[in-house]
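Colleague:
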Amino acid sequence: MSIAHEIRHARRAVALTGAGISAESGLGTFRGKDGLWSRYDPASVASIESFTQDPRKFWEFAREIGWSFLTAKPNAAHMALAELEDMKRIDCVITQNIDGLHQRAGSKRVIEVHGSIGQVACTKCTATYETAKAVDQLVRQDVPTCERCGGSLKPQVVLFGEMIPKKTLDQAFKKLKSADLFLAVGTSLEVYPAASFPEAAKKSGAKIVSINMERTRWDDLCDYRVSGPAGEILPRIVQAIKISF
Ligand code: NAD
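For reference, each letter of the sequence shown is one residue, going 660 to 904 in this note's numbering.
Below, the structure written as C-alpha cells:
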C-alpha cells in the first residue's frame, strides 16, 4: 500500500494544511527557531486584547509582514491539492492559513479556520472591505478606518484570544466525521482546534497521513508519514495517482 493508493481509493479524503504548505511560497512559519513568534510577541501584536487597546500596534506589525502575504504566489503543493480536488480525490481542504493561496491555486472547497487576509471588517459597524482598501489607507496613515463610521478596520482573521466562528468549526468537524482519509500537510498540529482534528478523524475510522518537514506529537497516530517539503512530495503523489488510473 502507498499514500497514492490510499488517496486513489478513498471515498472522502479531507486535507488539513498549515503554515508549512506556504513556506515554499516564501511565507515564514510562525513557530520554530526562525518562526515569526521568535521575533514578535503574539500577545502584544496579534491578540484581540492588544488590538482593542491599540490597533496601531497591530497595523505596524501587519505593515512589516503583510506585503509578503499579499504578494505570495501558490506553490506546487497548493496546486497539487487543487488538482486532487479537481480529480475528485479529495473532498475539501481545511486550512489554518490565512493567506488565501489555496483558492488562488484553484481549490474551491476551502474551510479557513482562522479566517483570511482577503477582507477587513469595521470593528464598530461591521462593514466589510477588500484588504486593498486598507492597504491604501495604511500607506497614507497609521490605522485603516471605516469610511462609513470611522471605526478601526481589522482583517477578518482570528486573532489570539478570539473565538473561531462556530459555523466554521461545525463545518470542519462535519467533514472530519465523514472522512475516510485525513491528509495533514505542513502543520505542527500544536494549535487547537487543529490539534484535535487527527484524533477526531481517526475516531471516525479515517486513515491518517502526514506530510511534514519534522515530526509532530501526533505521529504515532499516523498510518503513513512522509518527511520532506510538501511542494516536492504532493506533486509526486498526484503523478502516481494519475498513472494508476
Ligand atoms: P507551524 O508554524 O506551527 O508549523 C508548520 C509546520 O510545517 C512545521 O511542523 C514545519 O516542520 C512544517 N514545514 C515547514 N516547511 C515545510 C514544507 N516545505 N513542507 C512541509 N512541511 C513544512 O504552523 P501551523 O501548524 O499552521 O500553526 C501555526 C498557526 O500560524 C496557524 O494557526 C496559522 O493560522 C498561522 N500561520 C499562517 C500562515 C499563512 O497563512 N501562510 C503563516 C504562518 C502562520
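Glycine included, every Cβ here is placed at the ideal spot set by N, Cα and C.
Alpha carbon to alpha carbon, how far is methionine 746 from arginine 876?
Modeller: Those two C-alpha atoms are separated by around 31 Å.
Colleague: Can you find the residues in the same chain that come closer than 7 Å, C-beta to C-beta, to serine 810, ignoring five residues on each side of it along the sequence?
Modeller: Strictly speaking, residue 810 in this sequence is glycine, with serine absent from that position. Same-chain partners within the cutoff: Cys781, Thr782, Lys783, Cys784, Thr804.
Colleague: Out of Ile753, Arg667, Ser863, Ile662, point me to the one whose CA is closest to glycine 774's CA.
Modeller: Residue Ile753 is the option with its Cα nearest to glycine 774.
Colleague: May I have a chain-ordered list of the alpha helix (DSSP H) segments no shorter than 4 residues that lie completely inside the region 674-745?
Modeller: As far as the region 674-745 is concerned, its whole alpha helix (DSSP H) runs of at least 4 residues are 701-704, 707-712, 714-730, 735-745.
Colleague: Please classify glycine 890 as buried or exposed, where buried requires at least 16 neighbouring CB atoms within 10 angstroms.
Modeller: When all chains shown are included, glycine 890 counts as buried.
Colleague: Classify isoleucine 757 as helix, strand or coil using the three-state DSSP reduction.
Modeller: Coil.
Colleague: Looking at the unbroken beta strand (DSSP E) that takes in valine 868, where does it start and where does it end?
Modeller: From DSSP, the beta strand (DSSP E) with valine 868 extends over 866-871.
Colleague: Quick check on the DSSP output: what are the complete alpha helix (DSSP H) runs of length 4 or more inside the region 789-858, in order along the chain?
Modeller: The qualifying runs are 790-799, 825-836.
Colleague: Tell me whether leucine 675 counts as near the ligand NAD, meaning its Cβ is closer than 7 Å to at least one heavy atom of that ligand.
Modeller: False, no ligand heavy atom lies under 7 Å from that Cβ.
Colleague: Going by DSSP, which residues form a beta bridge with glutamate 891?
Modeller: Beta-bridge pairing links glutamate 891 to no other residue.
Colleague: Along the chain, where does the beta strand (DSSP E) containing alanine 910 start, and where does it finish?
Modeller: Summary: the structure shown does not reach residue 910, with the chain confined to residues 660 through 904, and so no result is reported for it.
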